[in-house]
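Chains X and R, in that order, give the protein sequences.
Here the first sequence stands for residues 63 to 386, numbered as in my numbering.
Here the second sequence stands for residues 63 to 386, numbered as in my numbering.
We put the CB at the ideal spot given by N, CA and C, even for glycine.
Just so it is clear, the structure is predicted and the values come from calculations on it, not from any experiment.
Please read the structure below before turning to the comments.
2 protein chains.
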Amino acid sequence: MKYNNDTILKLFESALLQFQTPEEPKLLYDPIVYSMSGGGKRLRPVLLLLTVDAFGGDVEEALPAGMAVEVFHNFTLLHDDIMDNASMRRGMPSVYAKWGGNVALLSGDTMLIIAYKYLARVPSTQLHRILNIFSDMATEVCEGQQYDMDFESVDMVFAEDYIKMIEYKTSALLSGSAMIGATLAGASEDDIRKMYRFATELGLAFQLQDDMLDSYGDEKLGKKIGGDILEGKQTYLMVQAMSRASEEEREVLRTTHRRTDISDDEKIAIVKALYDKFDVRHSTEQQIKIRFERALAVLDTLSIAGERTSQLEEFARNLMGRKK
Amino acid sequence: MKYNNDTILKLFESALLQFQTPEEPKLLYDPIVYSMSGGGKRLRPVLLLLTVDAFGGDVEEALPAGMAVEVFHNFTLLHDDIMDNASMRRGMPSVYAKWGGNVALLSGDTMLIIAYKYLARVPSTQLHRILNIFSDMATEVCEGQQYDMDFESVDMVFAEDYIKMIEYKTSALLSGSAMIGATLAGASEDDIRKMYRFATELGLAFQLQDDMLDSYGDEKLGKKIGGDILEGKQTYLMVQAMSRASEEEREVLRTTHRRTDISDDEKIAIVKALYDKFDVRHSTEQQIKIRFERALAVLDTLSIAGERTSQLEEFARNLMGRKK
Chain X
63 MKYNNDTILK LFESALLQFQ TPEEPKLLYD PIVYSMSGGG KRLRPVLLLL
113 TVDAFGGDVE EALPAGMAVE VFHNFTLLHD DIMDNASMRR GMPSVYAKWG
163 GNVALLSGDT MLIIAYKYLA RVPSTQLHRI LNIFSDMATE VCEGQQYDMD
213 FESVDMVFAE DYIKMIEYKT SALLSGSAMI GATLAGASED DIRKMYRFAT
263 ELGLAFQLQD DMLDSYGDEK LGKKIGGDIL EGKQTYLMVQ AMSRASEEER
313 EVLRTTHRRT DISDDEKIAI VKALYDKFDV RHSTEQQIKI RFERALAVLD
363 TLSIAGERTS QLEEFARNLM GRKK
Chain R
63 MKYNNDTILK LFESALLQFQ TPEEPKLLYD PIVYSMSGGG KRLRPVLLLL
113 TVDAFGGDVE EALPAGMAVE VFHNFTLLHD DIMDNASMRR GMPSVYAKWG
163 GNVALLSGDT MLIIAYKYLA RVPSTQLHRI LNIFSDMATE VCEGQQYDMD
213 FESVDMVFAE DYIKMIEYKT SALLSGSAMI GATLAGASED DIRKMYRFAT
263 ELGLAFQLQD DMLDSYGDEK LGKKIGGDIL EGKQTYLMVQ AMSRASEEER
313 EVLRTTHRRT DISDDEKIAI VKALYDKFDV RHSTEQQIKI RFERALAVLD
363 TLSIAGERTS QLEEFARNLM GRKK
């Protein structure tokens, strides 16, 4: 173990400073540089590199694979912002808002190709395997995005379908990163599978917590309450509430965000009153707890010595904003 | 040599019948199946496979690489149709028109990933090399598309910039296919480079001819005259005419397609009168002839026996609609 969460992030950030594109055509490459330098927590490459380190692999050699997952993640943001008509990203104008849809589309395409270019730099003996993990992961992310869009035209989403959607849309990129890291470090098939499970459960816990904080977060922490409610987005809270509501209450849950006769605060209050009635906060917290504990429990079953997993555990706690 | 142009197309078409995607999510995969079964001449896989055969490689083993370039080509069509707001493709509604921009975007992304999945099936020893050729080719296609869009907001396009654009946007996918084919067959570096030049020149000849037929084609052959003129598209004819026109004539060339006081036929007549005045037909035909002859000449310099290149020559003649 040569790194911890902080030093591995620093290592990756310094590798990111080397990120370069051709200068021309400017409208293709400027948005890519803008996107890659827009900050973010670099969760996926950090998880990938921490996994490499935990299994005794060569972290520096794994940097291109880390770049691949980070560039891929940013590609999805460019295209998601087109589909969601989103003008802001990380507190800055989105590429879509700044340059328009065509630029975001084509620059995004190019980023997906650049991700594969980085991937091609993994050792030849592992390339085939890594490529397949990466492409399967990438496909799941697209499928997850489509399921999410499908939900917009569905009367009622079932909890298991919702969980599957976020497993694809959010967890897949984390679990793919963990598997790539373990594979690069030469971990056993069993350990690779376990790292997949660790990151899948962690990703679910993370997304469910994100859902919950939208309604029950602390506004003092800068989190604006009710954004998902106002957008009429499916969340685990909404899915739970719908499953317990009467037909009349379902209609309220479905339509309140579209009302024009009441204020945003009133809309949020109406929906949250139903959330409270069905105590969806509690059942969501239960789910988060179960998923998070499962993730941590997987770490104990890895074939490597316990102290080697400490930074992965810290990664998980940081992600969930939890001290030990 | 086991194949000719016809039998290799049949072989590829039968491989294409095996093309399958998951069933769900339907809005992600139905457009992909629709796009892949929409016909087209399969030029890129045919060139790839003919090249494999010419160099004595295993054509059947190269089928996944052929699928990769065909799926990639169809991915570019889905995204180009969004950017061009194009409702028709190969005489059918485009995916963009049929399902909307978000579906065309996400299904297109998935096709790019599927292309890489096929590519991952080339023999491990060659994977690294093939992957790099493919990604470089894919990047050039995106750059070409951006240069083409850049031209829309430029007062005057220079001939060399126009040629560079079509080299990227049209030739790159042909030259990449030829290089992949030659590489798979174990051709020498020198022969790979020559196949790149063959396909690059052929692609330029093909695109320039396409430009010319828009103004000087035979309407009896089903080609509607003047489409490029009415869209105000840059073509080699336009670029040539602009370079020779007076400032007043340039303004006519720039603005006629936007006029609302005259009919389409009148617009076409005005622009073509200037094309005729500067005899751009002749200079374009010259360019086509030079590029086509250069392409054929490259074939004679390959290290393989002359009769092995006969199907590549026929491919070139077919593409240009020329009998021997």
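Would the beta-carbon of Asn66/X fall within 9 Å of that of Gln373/X? yes
Any non-hydrogen atom of the ligand GDP closer than 8 Å to Ser76/X Cβ: Absence of the ligand GDP is noted for the structure shown, with no ligands found whatsoever.
Using a Cβ-Cβ distance cut-off of 9 Å, determine whether Tyr96/R contacts chain X. no
Inter-residue CB distance, Val184/R and Ala127/R (contact presumed, cutoff 8 Å): 5 Å
If you drop the 5 nearest sequence neighbours on each side, which residues of the same chain put their C-beta closer than 7 Å to that of Lys334/X? Ser277
Put Pro155/X into one of helix, strand or coil per three-state DSSP. strand
Option in Ala77/R, Tyr91/R, Met145/R with minimal Cα separation from Arg104/R: Ala77/R
Ser215/R, buried or exposed, once every other Cβ within 10 Å from all chains shown has been counted against 16: exposed
Considering only the beta carbon of each residue, do Leu264/R and Ala359/R sit closer than 9 Å? no
Rounded to a whole number of angstroms, what is the C-alpha to C-alpha distance between Met173/R and Pro93/R? 10 Å
Can you give the Cα-Cα distance for Arg259/X and Ser308/X, rounded to whole angstroms? 36 Å
Could you list which residues in chain X have their beta carbon closer than 7 Å to that of Pro87/R, in chain order? Glu205, Gln208, Tyr209, Asp212
Skipping 5 residues on each side, what residues in its chain have a beta carbon closer than 7 Å to that of Gly118/X? Ala247
Which residue from Leu364/X, Gln208/X, Arg316/X puts its Cα closest to that of Glu85/R? Gln208/X
CA-CA distance, Tyr158/X and Asn164/X? 8 Å
Leu164/X: contacting residues in chain R (beta-carbon distance under 7 Å): First, the amino acid is wrong: residue 164/X is Asn here, not Leu. By Cβ distance, chain R contributes Met145, Met211.
Using CA coordinates, which residue listed in Asn147/R, Ser99/R, Leu181/R is at the minimum distance from Ala124/R? Leu181/R
Between the segment 285–295 of chain X and the segment 306–320 of chain X, do at least 3 Cβ pairs fall closer than 8 Å? yes
Counted within 10 angstroms of its Cβ, other Cβ atoms place Gly243/X as buried (16 or more) or exposed: buried
Nearest-angstrom Cα separation, counted from Asp142/X out to Ile330/X: 25 Å
So what's Met63/X in DSSP terms, helix, strand or just coil? coil
Using the C-alpha atoms, what's the distance from Asp68/X back to Asp362/X? 22 Å
Answer with yes or no whether the minimum CB distance from Gly101/R to chain X is below 9 Å. no
With a CB to CB cut of under 6 Å and the five nearest residues on each side skipped, what residues in its chain are close to Met227/R? Gly206, Tyr209, Asp210
Test item: CB-CB of Ala221/R and Gln302/R under 9 Å: yes
In chain order, what residues of the segment 168–184 of chain R put their CB closer than 7 Å to some CB of chain X? Leu168, Asp171, Thr172, Leu174, Ile175, Tyr178, Lys179, Ala182
Alpha-carbon spacing of Arg255/R relative to Leu381/X, whole angstroms: 49 Å
Return the chain-ordered ranges of every alpha helix (DSSP H) run that is complete within the segment 218–305 of chain X and spans a minimum of 4 residues. 221–228, 234–246, 251–278, 289–293
Counting contacts by CB-CB distance shorter than 9 Å, is Thr245/X in contact with chain R? no
Only counting the same chain, and skipping five residues up and downstream in sequence, which positions put a Cβ closer than 6 Å to that of Gln269/X? Ile228, Thr232
Can the beta-carbon of Met274/R be found closer than 9 Å to that of Ile192/R? no
Along chain X, which residues have their Cβ under 7 Å away from the Cβ of Thr201/R? Thr172, Ile175
Could you name each continuous alpha helix (DSSP H) segment of 4 residues or more that falls completely within the segment 104–179 of chain R, going from the start of the chain to the end? 105–116, 125–145, 157–161
Helix, strand or coil at Pro185/X [DSSP, three-state]: coil
Rounded separation between Ile287/X and Asp327/X - CA only: 10 Å
Can you name the residues of chain X whose CB is closer than 9 Å to the CB of Leu193/R? Tyr178, Lys179, Leu181, Ala182, Leu189, Leu193
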